[in-house]
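Here the structure is laid out as structure tokens; the discussion comes afterwards.
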């Protein structure tokens, strides 16, 4: 009797192929060298006695949250934003280092708030700086797509984890093209924002409140479950999600007693904007990830966010510290005559979707997205599979039918990213580099690699100091 | 120099495997023997000089049609249906041979029309037969899901090919469970049908007509294009399609001047019934296939339909002749405590979707459907690939993203079915065997094999007589 031979092969295929040709069973392990200089910190964090349990708790906390739409109200009421205070996407940044699209959105926001008449006059206001202040959305329980500028009079969705009462917020989505979040601030942008403030916001407030009272709040996490079975990855495709929101709110909008022409116009506005639901998907993801914040020893990423200049991450085990590096240019498809030279580096809090396991992480369930962001269908399937290599687990609520209902890859693990060199894959819109331009395309992008070793170093330092 | 050896292997894998092991390039052809007794007719039809061109014309005619929703009105007006006239799904059948669910639907229909007070009393009416008549939907430019019973006072969608003015019709979808089309006829069924007649039908008429006048008629073929990118196969999954219809009609429903509570109730009714769009998908498919009727020499199937007793097909090259055999029992999943003994054989005109290349033929694009009809995700992908073996071409408008945007398999070819023995795959709902029960499940089914050799024989006979 011969003992069966079984070979485990890591790294290059040459050896595995040679053995397989001799009819020996081979298990291939996709091994890559760790990121340079991370070996010592990886060893420390791997040996951290808190790590395994902390990561299990962080993942479970994230997966345990369901987000419900409980209210719509102005940012001044909800977040205590005062005149002259502006929120923006990504990690902290000052006007001096702000990119074109962030500047454009701030200028439009200043005009919307009546701080200036002409958005161009706001440049002096922000350069002086004494009457205005900038703060990340994330620091006020909020997320903002692209520039992510929030001003006091903007109406916000309010999402709540009914089990804990925790809440997150996001503005209402304006649509595509020439819109504030892509840095445009022309008259059509301000006219639309004023209509959203005067008509859409108050109507949605009545509809959401009456829906809460009658059938209960809209289950945003549940809609996300459905969307992933309907070709949306909930970052650059939110078509089915938008339609389900419309279905859930339309009856209450009609019954609100509002003017029928305002209701009809609002239905057309939402129905005509496939991205409307993005501004619910994002705060739902933040609500889930916020539940995993502040868990000592956990190496799970709880936020990825970009301000158009810097890409930053926050990690469950490192408190409110941001680990930042330069935002990258996306590789993708351009609108009209725009090209790579017109694009600003990566911007927006929307990478919170990837942080929660959807968006680029769920591309396999949205193969049609390759027509928007580029790449091929096999790439889309491979991307989701690859993201499982850098995540702690799967989400049983959010599954991918074509991968036989496998849960989306959830809980980005700083140690796995450093150990494999595989970076999180993000789908994203591309803003014009110049303030005022608006959207120029959509594509695929990754974080700057160096932020993960930075986060790992902080985790290792905390681990050493606990000994 | 050695000439490279290349082997083409048809049939059993044994030979191909042996050759491949000797490092010879092998092209495997999935060959199966033709259906027994079809060899002579296959030879005649294959040699028919009209065939190739006729099939190209039939396929092009089908693929050239776009269906638009142009009106909603009662069957009495649209189809000239008189009191006592009933349409039903499938090929012609009399009361004596009608299955339980068809009888149940006819009994409910008779009560809806006021021919009897109690549906049970309609049995005598149909047994006597002198005051009532039965006719297939297909004979009046109509398709009906499941029992497919249409009575004069039911409101119908009207679909039009704007290029030719050709029209098809279908009733409004009632939802699932205890509904007339599944053979239920209890008070709740009749109450719902009366509300659809008094409230929903007239409201949809106003909304559709005003949409036609303002933004133009809803492009049903275009919605089908989108649905196939959103996890619907448009037979047993019509969720995205229903939502897009709601999006397109809701503004006009609101602006119709109708009572706000009726509008809100109608929005809830449509939004709460994921199958509402089925009754637009079906007549859109019929409109496309009707364009291919009456093309001498074409072996393309233009209708597959079941009345609960018989399964019938019609073919482009054989006029209005039906080729029928016994309807089969579906293999699938059952609701609640129901089991295989409770199910009626296959019923409904809804196999028009498969005839047009969607439904079971597009299962690859709707992998989540396996949770409703049974089977596995790999089965769903394999089914779409297999259906390409019995169809004339692909639909460039209706594509499957996960199969790298390949068009759905379109134009079932009687000769290919007979030559390969591969039967069309149909997704279907299952009605209870007893009149009055309603839906008991959903599953997968095929036509009875013998109807394809029957159609082939007729094609061969016509070919011989043309010589």
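Protein chains in written order, with this note's numbering: chain A, 19 to 485; chain B, 19 to 485. Here a beta-carbon is modelled for each residue, glycine too, at the ideal position from N, C-alpha and C. Because the structure is a prediction, the values reported are computed rather than measured.
Proximity below 8 Å, CB of residue i to CB of residue j
| i | j | result |
| --- | --- | --- |
| residue 336/A | residue 483/A | no |
| residue 315/B | residue 139/B | no |
| residue 141/B | residue 456/B | no |
| residue 442/B | residue 464/B | yes |
| residue 92/A | residue 172/A | yes |
| residue 310/A | residue 300/A | no |
| residue 87/A | residue 413/A | no |
| residue 256/B | residue 296/B | yes |
| residue 108/B | residue 362/B | no |
| residue 458/A | residue 364/A | no |
| residue 427/A | residue 375/A | yes |
| residue 127/A | residue 104/A | yes |
| residue 444/B | residue 372/B | yes |
| residue 294/A | residue 260/A | yes |
| residue 462/A | residue 391/A | yes |
| residue 345/B | residue 53/B | no |
| residue 298/A | residue 285/A | no |
Endpoints, the beta strand (DSSP E) within which residue i is located
| i | result |
| --- | --- |
| residue 94/B | No beta strand (DSSP E) contains residue 94/B, which is instead part of the alpha helix (DSSP H) from 93 to 97. |
| residue 350/B | 349 to 352 |
| residue 12/B | No answer is possible for residue 12/B: the residues shown for chain B start at 19 and end at 485. |
| residue 430/B | 424 to 430 |
| residue 370/A | Not the beta strand (DSSP E): residue 370/A falls in the alpha helix (DSSP H), residues 370 to 373. |
| residue 165/B | No beta strand (DSSP E) contains residue 165/B, which DSSP labels as neither H nor E. |
| residue 342/A | 341 to 344 |
| residue 495/A | With chain A represented from 19 up to 485, any question about residue 495/A goes unanswered, as that position is not in the structure. |
| residue 105/A | 103 to 106 |
Per DSSP, the bridge partner or partners of residue i
| i | result |
| --- | --- |
| residue 186/B | 177/B |
| residue 411/A | 428/A |
| residue 498/A | Residue 498/A cannot be examined here, being either before or after the span of chain A that is shown, 19 to 485. |
| residue 35/A | The partner list for residue 35/A (beta bridge, DSSP) is empty, contrary to what the question assumes. |
| residue 328/B | 344/B |
| residue 300/A | Note: residue 300/A sits in no beta bridge, so no partner. |
| residue 336/B | The partner list for residue 336/B (beta bridge, DSSP) is empty, contrary to what the question assumes. |
| residue 449/B | 457/B |
| residue 463/B | 444/B |
| residue 366/A | 324/A |
| residue 418/B | 424/B |
| residue 160/A | 187/A |
Residue range of the unbroken alpha helix (DSSP H) whose run includes residue i
| i | result |
| --- | --- |
| residue 278/A | 278 to 289 |
| residue 257/B | 257 to 272 |
| residue 442/A | Element bounds for residue 442/A: n/a, residue is neither H nor E. |
| residue 400/B | 395 to 405 |
| residue 153/A | Looking at the DSSP string, residue 153/A is not in any alpha helix (DSSP H); the run it does join, the beta strand (DSSP E), is 151 to 154. |
| residue 143/A | 140 to 146 |
| residue 379/B | No alpha helix (DSSP H) holds residue 379/B; DSSP gives it neither H nor E. |
| residue 208/B | 205 to 213 |
| residue 485/A | Taken as a continuous stretch (DSSP letters only), residue 485/A belongs to no alpha helix (DSSP H), as it is neither H nor E. |
| residue 389/B | 388 to 391 |
Original post:
If contact means a Cβ-Cβ distance below 7 Å, which residues of the stretch 411 to 427 of chain B contact chain A?
Top reply: 419, 420, 422
Original post:
Residue ranges of each alpha helix (DSSP H) run of no fewer than 4 residues wholly in the stretch 218 to 243 of chain A, ordered along the chain?
Top reply: 219 to 232
Original post:
Got a sec: which bits of the stretch 240 to 251 of chain B sit with their beta carbon under 7 Å from any beta carbon on chain A, in order along the chain?
Top reply: 247, 248, 249
Original post:
Counting only runs that start and end within the stretch 40 to 90 of chain B, where is the beta strand (DSSP E) found for 3 or more residues in a row?
Top reply: 43 to 47
Original post:
If you measure beta-carbon to beta-carbon, which residues of the stretch 97 to 122 of chain B are closer than 7 Å to chain A?
Top reply: none
Subject >> Contact set between the stretch 358 to 386 of chain B and chain A, restricted to residues whose Cβ is under 7 Å from the partner >> reply: 385, 386
Subject >> Residues of the stretch 125 to 153 of chain B whose Cβ lies closer than 8 Å to any Cβ of chain A, in chain order >> reply: none
Original post:
Along the stretch 192 to 222 of chain A, what residues have a CB closer than 8 Å to any CB found in chain B?
Top reply: none
**OP:** May I ask you to list, following chain order, the residues of the stretch 260 to 275 of chain A that have a beta carbon less than 7 Å from some beta carbon of chain B?
**Re:** 261, 262, 264, 265, 268, 269, 272, 273
Subject >> chain A contacts from the stretch 79 to 99 of chain B (Cβ-Cβ distance under 7 Å) >> reply: none
Original post:
At a Cβ cut of 7 Å, what residues of the stretch 283 to 300 of chain B count as close to chain A, listed as they run along the chain?
Top reply: 285, 286, 289
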